[in-house]
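Enquirer: Protein chains in written order, with my numbering: chain A, 1 to 274; chain B, 1001 to 1294; chain C, 2001 to 2255.
#1: So residue 1128 of chain B contacts chain C; which residues on that side make the cut at Cβ distance below 7 Å?
#2: Which same chain residues, not among the five before or five after residue 1219 of chain B, have their C-beta less than 6 Å away from its C-beta?
#3: For the beta strand (DSSP E) that residue 230 of chain A lies in, which residues bound it at each end?
#4: Using CA coordinates, which residue listed in B:1034, B:1122, B:1184, B:1047 is at the minimum distance from residue 2117 of chain C?
#5: What are the residues in the region 1183-1210 of chain B lying within 9 Å of chain A by C-beta distance?
#6: For the region 176-219 of chain A, which segments carrying the alpha helix (DSSP H) assignment without a break, of at least 4 residues, lie completely within its bounds, in sequence order?
#7: Do you know how far the Cα of residue 1008 of chain B is from the Cα of residue 267 of chain A?
#8: Which of the three DSSP states, helix, strand or coil, is assigned to residue 1040 of chain B?
#9: Count the other CB atoms within 10 Å of the CB of residue 1154 of chain B; is the residue buried (16 or more) or exposed (fewer)?
#10: Does residue 261 of chain A come out as helix, strand or coil in the three-state DSSP assignment?
#11: What does DSSP give as the partner residues of residue 89 of chain A in its beta bridges?
#12: What distance in whole Å lies between the Cβ atoms of residue 176 of chain A and residue 201 of chain A, which are believed to be in contact at a cut-off of 8 Å?
#13: Given a cut-off of 8 Å on the beta-carbon distance, is the pair residue 2105 of chain C and residue 1226 of chain B in contact?
#14: Just to confirm, is the Cβ distance from residue 1184 of chain B to residue 1221 of chain B under 8 Å?
#15: Pull up the CB-CB distance for residue 33 of chain A and residue 15 of chain A, whole angstroms please, since I reckon it's below 8 Å.
#16: Between residue 2200 of chain C and residue 2021 of chain C, what straight-line distance do the alpha-carbon atoms span, to the nearest angstrom?
#17: What are the residues of the region 173-202 of chain A that lie near chain B, defined by any Cβ-Cβ distance shorter than 7 Å?
#18: Identify every residue that forms a DSSP beta bridge with residue 1226 of chain B.
#19: If you follow the beta strand (DSSP E) that residue 11 of chain A is in, where does it begin and where does it stop?
#20: Can you tell me whether residue 2156 of chain C is buried or exposed, with buried defined as 16 or more other CB within 10 angstroms of its CB?
#21: For a contact meaning CB atoms closer than 7 Å, what does residue 8 of chain A contact in chain B?
#22: Grab me the residues of residue 1277 of chain B's own chain with a C-beta within less than 6 Å of its C-beta, minus the 5 sequence neighbours each way, in chain order.
#23: Under 8 Å, do residue 138 of chain A and residue 129 of chain A count as touching if we go by C-beta distance?
#24: Please give me, in chain order, every unbroken run of the alpha helix (DSSP H) with length at least 4 that falls completely inside the region 1172-1198 of chain B.
#25: For residue 1287 of chain B, which of helix, strand or coil comes out of DSSP?
#26: Please report whether the beta-carbon of residue 92 of chain A lies at a distance below 8 Å from any beta-carbon of chain B.
#27: Taking beta-carbon pairs under 9 Å, can you tell me which members of the region 1243-1266 of chain B lie near chain A?
#28: Jot down the residue ranges of each uninterrupted alpha helix (DSSP H) in the region 2177-2236 of chain C, minimum 4 residues, whole runs only, in chain order.
#29: By DSSP, does residue 72 of chain A sit in helix, in strand, or in coil?
#30: I'd like to know whether the C-beta atoms of residue 1091 of chain B and residue 1159 of chain B end up nearer to each other than 8 Å.
#31: Using 8 Å as the limit for Cβ to Cβ distance, is residue 96 of chain A near chain B?
#32: Using the beta-carbon of each residue, which ones in chain C are nearer than 7 Å to residue 1014 of chain B?
#33: Taking 8 Å as the threshold (C-beta atoms), are residue 13 of chain A and residue 89 of chain A in contact?
#34: Which residues does DSSP pair with residue 43 of chain A in a beta bridge?
#35: Give the residues of chain C in contact with residue 1054 of chain B, contact being defined as C-beta atoms less than 8 Å apart.
#36: Buried or exposed: where does residue 1234 of chain B fall if 16 or more other Cβ atoms within 10 Å of its Cβ makes it buried?
Here is the structure:
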């Protein structure tokens, strides 16, 4: 395992703004002075209507984009350094598997890029394939897998280097509801086993509540944090199928819903395209 | 038989039927068409049907087995055509290799530097309107000036150079498109992995470009063959299929069927070249799978 | 086009071309390269201006052949593609023949075409150009006709649209940009093929014959002037096709 400055937060965003210039001098403020911190091992969901900047925030943390102002640190280092040091693993809405590599080959990709030896790569891939329950499919190609299976491979790939931070951008967004719930159960289990911090972007209220320690509700135009809800549904490892029927779960879901549909949010309904 | 086998058999059968149909049209028109061809407003729109203009197919076939000329030591036509075809194929292969290398190098340069793309790409497109073939005699002259040490420029090298000039174009354009084809998703992923340009090229861009590159390679092969045959004619290279075509055409007055044999030879050269690229495609099968997969 | 766009798309290639021409002229002057090897660009320009009438005549002869070949070949290519897209059997029957046409040096057919259509006529050259044009137009049109997305096809079915309505509203607009891409590729092919066909025989007057005859009479400056003429002719065809393609793409957005 890597060492981090003691007490460093997994993610610390301080007054982060991101302004996208559009044509003729006009600009869109995707994020406006957003501050957020994520503790090591904590599961934080970002939820909000389209255009609230939740994906932008995730991309900034991943150093796929740079903030217009403000600063982002990951485990006490600038985001860029954290990317170069491979302190996080990432999964997108699209599984993004390379079609010419087998399941095992895809999971091995980050290890291969960072110079892990062949034997160690093989062993790690086999371990992760077992973790996501695809042991029978290690040598299959992505086009032979269902969407849910592809997404499981993508999650296994994001875990390949045992990161202490996982960044996930609607990873279950393209899955059907049943597969989605099963994947959520698996993610909760995996997070319990790896004790990684997670920043999870989603559109789904139950998904956010079920998975998270904290749910961050964002509002659009300009993108700001409206409120943060601490979900106290107990230790992630203990969360199971029963939780979805739990009184506390429903209560938290309606709390988030009220926050989302609070003042000024009426116009945001029905525009969610992704 | 498997379903795929059946489909392949059907394709071959129907394809053969198509070729047979073409042959039937040839013979039927020869039988029924007017001897002087069909003229509209002084222009011949349908060919003459005399034995000189349109020989019977079986005459063409049997001519292949006869000697090239009436001379006592003449080899059979098919042997001369085969030798010429092999020679031409070899030159075309050299031209293809050079053209593919240059095309790939240009595509990499343009992919790496935006400025290079905007400066070079218009000229690459423009280059195809320059008939370098027209310059074949000059190219040969340039070559004859080149000499260092034991190396002297041979005429066939000029032919290969012209072939490569035609072949590089589809490769550079196809490879540029292919190298730019990976999803934003995949490019982001490589960025997340802190993979540099070369790493991204090797692991992502090159494999992703295969689907675009293969048609380009096929086009390049066809262009290389065309360029070789034409350059052979205009440079006047000996012992190749282009030479045979021109010589036979010159002899067509007394031996009207003769030109057809080298033409079929050139068709075979083209098909062999295409088949070779098909083999490459089989070899790279893995990189073409699941163009639909995420 | 906006000023920065112009800066990025037009200036760099112009600059590169200018530098190349200056380097070329510089090399010719500095190394005192004999004109029979490579004349300088200024000398070629001089010859071009001096023989403008002859070059223009050659351009007309070759250009006419290329144009007729382009029109006839495209028309046949489009028609054949439509038939192939409707009748699977026709597609399969044509497959080996068209594959052969695609890889075969079509100009090799020129000598027999001269015998079939008469060595005194331009027909053989037009056919060579037409055959060369046929291949890219056929393949691109067929590809375009097959691009119709299943969603659109289902939509048309649900509207109970007749096949003519479906063709007009969905198939044609989808396929048209592909057709014009094929035409653009074919345009410069037509010129080159018509020009090369002249090497294999037939009447004089075209650019190809003029290039070889002035080269064989050691008039290299003139040969290059004809080459310049053929470049201009190719450019003319290419930019006309490109302009058409741009026009069609603007008319049909989203393609």
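All C-beta atoms, glycine included, are put in the ideal place defined by N, C-alpha and C.
Expert: So, to answer that:
#1: Locating residue 1128 of chain B in the second chain gives position 128, counting from the first residue. Within chain C, the residues near residue 1128 of chain B are 2188.
#2: The residue given as residue 1219 of chain B occupies position 219 in the second chain. Correct list, in chain order: 1170.
#3: Taking the first chain and counting its residues from 1, one reaches residue 230 of chain A at position 230. Taken as a continuous stretch (DSSP letters only), the beta strand (DSSP E) holding residue 230 of chain A covers 224-230.
#4: As a first step, residue 2117 of chain C is located in the third chain; it is residue number 117 there, counting from the start. The shortest C-alpha separation from residue 2117 of chain C is found at B:1047.
#5: 1183, 1185, 1186, 1188, 1189, 1190, 1191, 1192, 1193, 1194, 1195, 1199, 1203, 1204, 1207, 1208, 1210
#6: 177-194, 205-211
#7: On the first chain, residue 267 of chain A is found 267 positions in, with the first residue counted as 1. On the second chain, residue 1008 of chain B is found 8 positions in, with the first residue counted as 1. Below a pLDDT of 50, predicted positions are generally treated as unreliable, and residue 267 of chain A, at 42, falls in that range; the measurement from the model is reported next regardless. Spanning the two alpha carbons is a distance of roughly 57 Å.
#8: Position 40 of the second chain, counting from 1, holds the residue named residue 1040 of chain B. In the structure shown, residue 1040 of chain B sits in a strand (DSSP, three-state: E or B).
#9: As a working note, residue 1154 of chain B is residue 154 in the second chain. When all chains shown are included, residue 1154 of chain B counts as exposed.
#10: Locating residue 261 of chain A in the first chain gives position 261, where the first residue counts as 1. Coil at residue 261 of chain A, not helix or strand.
#11: Counting from 1 along the first chain, the entry for residue 89 of chain A is found at position 89. DSSP lists A:166 as partners of residue 89 of chain A.
#12: Here residue 201 of chain A refers to the residue found at position 201 when the first chain is read from its first residue. Here residue 176 of chain A refers to the residue found at position 176 when the first chain is read from its first residue. Contact flag wrong, Cβ pair sits at about 19 Å.
#13: What you label residue 2105 of chain C is simply residue 105 of the third chain in a count that begins at 1. What you label residue 1226 of chain B is simply residue 226 of the second chain in a count that begins at 1. Against a cut-off of 8 Å, the Cβ pair of residue 1226 of chain B and residue 2105 of chain C comes out as a contact.
#14: Locating residue 1184 of chain B in the second chain gives position 184, where the first residue counts as 1. Locating residue 1221 of chain B in the second chain gives position 221, where the first residue counts as 1. Cβ atoms of residue 1184 of chain B and residue 1221 of chain B: not closer than 8 Å.
#15: In the first chain, the residue the question calls residue 33 of chain A occupies position 33. In the first chain, the residue the question calls residue 15 of chain A occupies position 15. With 8 Å as the limit, residue 33 of chain A and residue 15 of chain A qualify as a contact, their Cβ atoms being about 5 Å apart.
#16: On the third chain, residue 2200 of chain C is found 200 positions in, with the first residue counted as 1. On the third chain, residue 2021 of chain C is found 21 positions in, with the first residue counted as 1. So the two alpha carbons sit approximately 32 Å from each other.
#17: none
#18: Position 226 of the second chain, counted from the start, is the residue given in the question as residue 1226 of chain B. Per DSSP, none; premise fails for residue 1226 of chain B.
#19: The residue given as residue 11 of chain A occupies position 11 in the first chain. Counting along the chain, the beta strand (DSSP E) containing residue 11 of chain A begins and ends at 11-21.
#20: Working through the third chain from its first residue, we reach residue 2156 of chain C at position 156. Buried, since its Cβ has 16 or more Cβ neighbours within 10 Å.
#21: For this step, residue 8 of chain A is matched to residue 8 along the first chain. Near residue 8 of chain A there are no residues of chain B at all, since even the closest Cβ is about 20 Å away, more than 7 Å.
#22: Locating residue 1277 of chain B in the second chain gives position 277, where the first residue counts as 1. Closer than 6 Å at the Cβ level, and outside the excluded window around residue 1277 of chain B, lie 1217, 1218, 1221.
#23: Locating residue 138 of chain A in the first chain gives position 138, counting from the first residue. Locating residue 129 of chain A in the first chain gives position 129, counting from the first residue. Yes, the pair counts as a contact, with Cβ atoms nearer than the cut-off.
#24: 1184-1192
#25: If you number the second chain from 1, residue 1287 of chain B lands on position 287. Helix at residue 1287 of chain B.
#26: As a working mapping, residue 92 of chain A is identified with position 92 in the first chain. Residue 92 of chain A counts as touching chain B.
#27: none
#28: 2207-2216
#29: Reading the first chain from its first residue, position 72 is the one you call residue 72 of chain A. The answer is strand: DSSP assigns residue 72 of chain A an E or B state.
#30: Within the second chain, residue 1091 of chain B is the residue found at index 91, counting from 1. Within the second chain, residue 1159 of chain B is the residue found at index 159, counting from 1. In contact: residue 1091 of chain B and residue 1159 of chain B (Cβ atoms closer than 8 Å).
#31: In the first chain, the residue the question calls residue 96 of chain A occupies position 96. So yes, residue 96 of chain A belongs to the interface.
#32: Start at 1 with the first residue of the second chain, and residue 1014 of chain B comes out as number 14. The answer, in chain order, is 2089, 2092, 2093.
#33: Taking the first chain and counting its residues from 1, one reaches residue 89 of chain A at position 89. Taking the first chain and counting its residues from 1, one reaches residue 13 of chain A at position 13. In this structure, residue 13 of chain A does not lie closer than 8 Å to residue 89 of chain A by Cβ.
#34: Here residue 43 of chain A is taken as the residue at index 43 of the first chain, counted from 1. Residue 43 of chain A is bridged to A:198.
#35: For the purposes of this step, residue 1054 of chain B is taken as the residue at position 54 of the second chain. Going along chain C in sequence order, the residues near residue 1054 of chain B (Cβ under 8 Å) are 2116.
#36: On the second chain, position 234 is the one that residue 1234 of chain B refers to. With 16 or more other Cβ atoms within 10 Å, it is buried.
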